[in-house]
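Worksheet: the structure to be examined is printed underneath.
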Ligand code: DC
């Protein structure tokens, strides 16, 4: 069973999804880390992130393991390496290719096939797990999202905003797995809200829907 948390970069998905998973005793899945790993492998191979065939082959062959708090390619822990600005920019580009998306969606579905999960991304509720009994679409104002990212990475706020607009446009405009609101999603605007309040709201909905004991079912 999967609780899906989708939304644009900087909406607070990772923090909220991680805390929610801990609160409910579910396992946390960061699907963005998977696209980031494909981007890192692409850059390391000297391949072009815009080349669909090259990147699809890399995505299919990648020896990726993902666990809460640890992402690895082969034996190497890449949890930090996938967070650089270069990888962030390349991840946005590699994730538009349909072959890459199919490869990642297949792996995500295999992972969440058993157990209870809080999975975050862009297309969890629409594509990966359309049967999810609780889909949350987290949003926040563009300025607040850029401010959060800049506080986290130390990058210049104006540069973050410009790069974020670019990535938002690609996330929303791509043909496959675009960021869109699932018809049955609960929309939550996190602007000005603290994490605890957002987690409490989602946990309350999970309880109302009888999902809060999902970890043992
Ligand atoms: O959430 P994030 O910033 O770590 O995601 C990194 C990139 O991966 C981002 O450009 C969007 C893409 N992504 C995606 O296309 N589909 C997902 N389910 C998750 C992330």
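Numbering (the numbering used here), first residue to last: 616 to 832. Ideal Cβ placement from N, Cα and C applies to all residues, glycine included.
Under a Cβ-count criterion, where at least 16 other Cβ atoms within 10 Å of its own Cβ denotes burial, should residue i be classed as buried or exposed?
i, result
"residue 685", "exposed"
"residue 575", "What the structure shows of the chain is the stretch from 616 to 832, and residue 575 is not part of that stretch, so it cannot be assessed."
"residue 814", "buried"
"residue 664", "buried"
"residue 737", "buried"
"residue 695", "exposed"
"residue 632", "buried"
"residue 792", "buried"
"residue 646", "buried"
"residue 768", "exposed"
"residue 729", "exposed"
"residue 718", "buried"
"residue 725", "exposed"
"residue 777", "exposed"
Quick check: does the Cβ of residue i come within less than 7 Å of any heavy atom belonging to the ligand DC?
i, result
"residue 643", "no"
"residue 786", "yes"
"residue 747", "no"
"residue 738", "yes"
"residue 782", "yes"
"residue 627", "no"
"residue 647", "yes"
"residue 822", "no"
"residue 707", "yes"
"residue 760", "no"
"residue 724", "no"
"residue 624", "yes"
"residue 792", "yes"
"residue 764", "no"
"residue 651", "yes"
"residue 710", "yes"
Residue i and residue j look like a contact to me (Cβ under 8 Å); what is the Cβ gap, rounded to whole Å?
i, j, result
"residue 671", "residue 715", "6 Å"
"residue 764", "residue 626", "Contact doesn't hold; Cβ gap of about 11 Å is too wide."
"residue 818", "residue 740", "The pair is not a contact, with the Cβ atoms about 17 Å apart (cut-off 8 Å)."
"residue 677", "residue 656", "6 Å"
"residue 734", "residue 727", "6 Å"
"residue 759", "residue 700", "Contact doesn't hold; Cβ gap of about 20 Å is too wide."
"residue 810", "residue 630", "5 Å"
"residue 722", "residue 649", "7 Å"
"residue 662", "residue 673", "6 Å"
"residue 711", "residue 789", "4 Å"
"residue 802", "residue 796", "7 Å"
Does the beta carbon of residue i come closer than 8 Å to any beta carbon on chain B?
i, result
"residue 748", "Protein chains in the displayed structure number just one, and chain B is not present."
Exercise for the section: Evaluate contact between the region 747-757 and the region 619-627, counting only Cβ atoms and requiring at least three cross-stretch pairs below 8 Å. Expected result: yes
Handout entry: Three or more C-beta pairs below 8 Å linking the region 775-793 and the region 697-714
Key = yes
Handout entry: At least three beta-carbon pairs within less than 8 Å, the region 690-700 to the region 635-644
Key = Using a Cβ-Cβ distance cut-off of 8 Å, the region 690-700 and the region 635-644 are not in contact, since fewer than three pairs of beta carbons, one from each stretch, lie closer than that value.
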